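Each remark here refers to the structure printed beneath this line.
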Amino acid sequence: MVLKAIRRHVSDPRGKFRPNWGGPYLIKRILSGGAAYIADLDGMEFATPVNIDKLRKYYPERCSLGRKPQGWADLSKN
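As numbered in our numbering, residues 118 to 195 make up the sequence shown, in order.
Next up, the structure:
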């Protein structure tokens with residue numbers, strides 16, 4: 118899975134704190150010229166290919182119900 122850079126001007130009330138990456142997306146096909154066809158998680162494919170330089174690997178959060186992410190303090194202990 119990958120994230121796609123959001124480079125076009127988007128009016129967003131958050132200003133400079135707006136997200137820079139959109140996604141996650143799945144790579145469907147990689148072309149020889151350095152482009153890729155991507156699709157959202159529902160399977161809807163983009164009509165135009167995206168330059169691979171505008172993609173970055175997506176790392177899903179690994180947090181199960183019984184465990185806290187590493188570095189979180191346990192505030193229940195007093």
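Just so it is clear, CB atoms sit at the ideal spot from N, CA and C, and this is done for glycine as well.
Treat the numbers as computed from the prediction; the structure is a model and nothing was measured.
Setting aside the 5 residues that flank it on each side, residue 152 is surrounded in the same chain by 166 and 168, each with a C-beta closer than 6 Å to its C-beta; the list follows chain order. When beta bridges are read from the DSSP output, residue 162 appears opposite 156. Contact between residue 174 and residue 121 does not hold, since their C-beta atoms are separated by about 12 Å, which reaches or exceeds 8 Å.
In the structure shown, the three-state DSSP call for residue 150 is coil.
Straight through space, the alpha carbons of residue 124 and residue 144 are spaced by roughly 19 Å. According to the DSSP assignment, residue 174 belongs to the beta strand (DSSP E) that extends over 172 to 174.
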